[in-house]
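This report refers to the structure that appears directly beneath it.
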Amino acid sequence: MAPRIAIVFYSLHGHIQTLAEAAAKGVEIAGGKADIFQVAETFSPEVLQKMHAAPKADYPVASAQTLLEYDGFLLGIPTRYGNMPAQWKAFWDRTGGIWAKAGYSGKFAGIFVTSGTPGGGQESTFLSAMSTLAHHGIIFVPLGYKEANEYITNLDEVHGGSPWGAGAYAVSIVIPVPRLESAADRIKGGDGSRAVSGLEKKIAEIQGQAFFEKLSKVKFD
Ligand SMILES: Cc1cc2nc3c(=O)[nH]c(=O)nc-3n(C[C@H](O)[C@H](O)[C@H](O)COP(=O)(O)O)c2cc1C
Numbered sequence: 003m004a005p006r007i008a009i010v011f012y013s014l015h016g017h018i019q020t021l022a023e024a025a026a027k028g029v030e031i032a033g034g035k036a037d038i039f040q041v042a043e044t045f046s047p048e049v050l051q052k053m054h055a056a057p058k059a060d061y062p063v064a065s066a067q068t069l070l071e072y073d074g075f076l077l078g079i080p081t082r083y084g085n086m087p088a089q090w091k092a093f094w095d096r097t098g099g100i101w102a103k104a105g106y107s108g109k110f111a112g113i114f115v116t117s118g119t120p121g122g123g124q125e126s127t128f129l130s131a132m133s134t135l136a137h138h139g140i141i142f143v144p145l146g147y148k149e150a151n152e153y154i155t156n157l158d159e160v161h162g163g164s165p166w167g168a169g170a171y172a173v174s175i176v177i178p179v180p181r182l183e184s185a186a187d188r189i190k191g192g193d194g195s196r197a198v199s200g201l202e203k204k205i206a207e208i209q210g211q212a213f214f215e216k217l218s219k220v221k222f223d
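Going by the numbering used here, the sequence shown opens with residue 3, and the numbers climb by one from there.
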C-alpha cells in the first residue's frame, strides 16, 4: 500500500504554507498524494491583526486524531526564539492520550522550517522538535544531501534549506533597539516581507519527493 502522507503546518505570514505546497508537489512528482492541514490558531483575531498575520489558508485544521490516519507527516514549523511556536506546542500538548497508547509510534516525520534571518535558529528549531518526536517514537527522516546537494550547497544566493530539511527566510522588519542610536544599529527581524525563493521551493519539493520515495520502501499495513 502506498504511504499515506500528511503535510501539517502553522504559518503566520505564509512562508511555511508556500513550502508546504511545494513539498506536496514533490510528493505528487514521486507518484503519491499528500493531504495538507494546518494546526489550530491560538491567538485571538485582535492579536493576529496586530501581528499583521496573513489571512488563514483554506486547509483543514488537524486534530491529534488526524495524524493517526497517516503513515508519515511533513511538519512545517516557523521559528520562534529558535524553537517551535506556541501553536505547534499546543498541538503536541493535546496528544498525551495518543502518546499513552503509543499511537504515533513507528510513524515517520520530516520537518521544514522558516525563520526571519540566517542564524535566527532554523537548526535549533529542528533540534528542539526532536524531543517531541522521540517521546512519541516517531522516526525522523532528514532530507540529507543525496537528492538536494546541489541546491543546499549553493552559495551564490541566500537561501534556507539544509540536510535537516527545507527552509526559508522571511526577512524583514526593522526593529529599533533601545540604547542604539544610528539606523545601522537596528535589528532586522521577521515580518514576512521576503518571498520564498525559487531555490527554497525547489528544496521543499525535493524533500516531499524524497520523503515519499523513502517511505515507499517501508511496508505499511
Ligand atoms: C514571536 C516571534 C519570535 C520569532 N523568533 C524568531 C527567531 O528566533 N529567529 C528568527 O530568525 N526569526 C524569528 N521570528 C520570525 C519568524 O520565524 C518568521 O516570521 C516566520 O518563520 C515566517 O514564517 P511564516 O511566514 O510561515 O509565518 C519570530 C517571529 C515571532 C512572531
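Ideal Cβ positions, reconstructed from N, Cα and C, are used throughout, including at glycine.
These numbers were taken from a predicted model, which means no experiment stands behind them.
**Item:** Alpha carbon of Val29 to alpha carbon of Gln209, nearest angstrom
**Value:** Walking along the sequence shown from the start, residue 29 turns up at place 27. Walking along the sequence shown from the start, residue 209 turns up at place 207. Their backbone Cα atoms lie some 8 Å apart in a straight line.
**Request:** Please go through the same chain and pick out, in chain order, the residues whose beta-carbon is closer than 7 Å to the beta-carbon of Ala22, but skip the five residues on each side of it.
**Result:** On the sequence shown, position 20 is the one that residue 22 refers to. The residues are Ile9, Phe11, Ile38 and Gly78.
**Asked** So Gly238 packs on Gly112, CB below 8 Å; how close in whole Å?
**Response** The structure shown does not extend to residue 238, since the chain is modelled only from 3 through 223, so no value can be given for it.
**Asked** Does DSSP classify Asn85 as helix, strand or coil?
**Response** Taking the first residue of the sequence shown as position 1, residue 85 is located at position 83. In the displayed model, Asn85 falls within a strand according to three-state DSSP.
**Request:** Identify the continuous beta strand (DSSP E) that holds Leu76 and give its terminal residues.
**Result:** Looking up residue 76 in the sequence shown gives position 74. Unbroken beta strand (DSSP E) run through Leu76: Gly74 to Pro80.
**Request:** Starting from the N-terminal side, write out each stretch of the beta strand (DSSP E) that is 3 residues or longer and does not extend beyond the region 33-61.
**Result:** Fully enclosed beta strand (DSSP E) runs of no fewer than 3 residues occupy 36-40 of the region 33-61, in order along the chain.
**Request:** Measure the alpha-carbon distance for Gln67 versus Ser46 and round it to whole angstroms.
**Result:** Residue 67 sits at position 65 when you count from the first residue of the sequence shown. Residue 46 sits at position 44 when you count from the first residue of the sequence shown. A direct Cα-to-Cα measurement between Gln67 and Ser46 gives close to 24 Å.
**Asked** Quick one: is Ser107 buried, meaning 16 or more other Cβ sit within 10 Å of its Cβ, or exposed?
**Response** Position 105 of the sequence shown, counted from the start, is the residue given in the question as residue 107. With fewer than 16 other Cβ atoms within 10 Å, it is exposed.
**Request:** Tell me, to the nearest whole angstrom, how far the beta carbon of Ala212 is from that of Leu135; I am working on the premise that it is less than 8 Å.
**Result:** Numbered from its first residue, the sequence shown carries residue 212 at position 210. Numbered from its first residue, the sequence shown carries residue 135 at position 133. In this structure, Ala212 and Leu135 do not form a Cβ contact; the two beta carbons are roughly 18 Å apart against a cut-off of 8 Å.
**Prompt:** Thr116 lies in the alpha helix (DSSP H); which residues open and close that run?
**Reply:** Here residue 116 refers to the residue found at position 114 of the sequence shown. No alpha helix (DSSP H) contains Thr116, which is instead part of the beta strand (DSSP E) from Phe110 to Ser117.
**Asked** Hey, would you say the C-beta of Ile18 is under 8 Å away from at least one heavy atom of ligand 1?
**Response** Position 16 of the sequence shown holds residue 18. Checking the Cβ of Ile18 against ligand 1 gives yes.
**Where the alpha helix (DSSP H) containing Tyr153 begins and where it ends** = On the sequence shown, position 151 is the one that residue 153 refers to. Residues Asn151 to Ile154.
**Asked** Is it right to say Ser133 is buried, meaning 16 or more other beta carbons lie within 10 angstroms of its own, or is it exposed?
**Response** Numbered from 1 along the sequence shown, position 131 holds the residue referred to as residue 133. A residue is called buried once 16 or more other Cβ atoms fall within 10 Å of its Cβ, and Ser133, having fewer, is exposed.
**Message:** Rounded to whole angstroms, what is the Cα-Cα separation between Lys27 and Phe214?
**Reply:** Walking along the sequence shown from the start, residue 27 turns up at place 25. Walking along the sequence shown from the start, residue 214 turns up at place 212. The alpha-carbon of Lys27 is positioned some 11 Å away from that of Phe214.
**Message:** Please return the same chain residues whose Cβ sits closer than 8 Å to the Cβ of Glu207, not counting the five positions on each side in sequence.
**Reply:** Translated into the one-based positions of the sequence shown, residue 207 becomes position 205. Once the five neighbours on either side are set aside, the close Cβ partners of Glu207 are Ala24, Ala25, Lys27, Gly28 and Ile31.
**Request:** Within the same chain, show all residues whose beta-carbon is closer than 6 Å to that of Pro266, passing over the 5 residues directly before and after it, in chain order.
**Result:** Residue 266 lies beyond the stretch modelled for the chain, which goes from 3 to 223, so this question has no answer here.
**Request:** For the alpha helix (DSSP H) holding Ile18, just list the boundary residues, first then last.
**Result:** Numbered from 1 along the sequence shown, position 16 holds the residue referred to as residue 18. Note, Ile18: alpha helix (DSSP H), His17 to Ile31.
**Asked** In terms of DSSP beta bridges, what is Ser164 paired with?
**Response** Sequence index remark: in the sequence shown, residue 164 carries index 162 (1-based). Answer is Gly167.
**Proximity below 9 Å, CB of Ala170 to CB of Glu202** = In the sequence shown, residue 170 corresponds to position 168, counting from 1. In the sequence shown, residue 202 corresponds to position 200, counting from 1. With contacts defined as CB atoms closer than 9 Å, Ala170 and Glu202 qualify as a contacting pair.
**Prompt:** Beta-carbon separation of Leu50 and Leu76 under 9 Å?
**Reply:** Here residue 50 corresponds to residue number 48 of the sequence shown, with the count starting at 1. Here residue 76 corresponds to residue number 74 of the sequence shown, with the count starting at 1. Contact: no.
**Message:** Quick check on this structure: which residue in Lys221, Ala172 and Phe222 has the alpha carbon closest to the alpha carbon of Thr20?
**Reply:** Sequence index remark: in the sequence shown, residue 20 carries index 18 (1-based). Closest by alpha carbon: Ala172.
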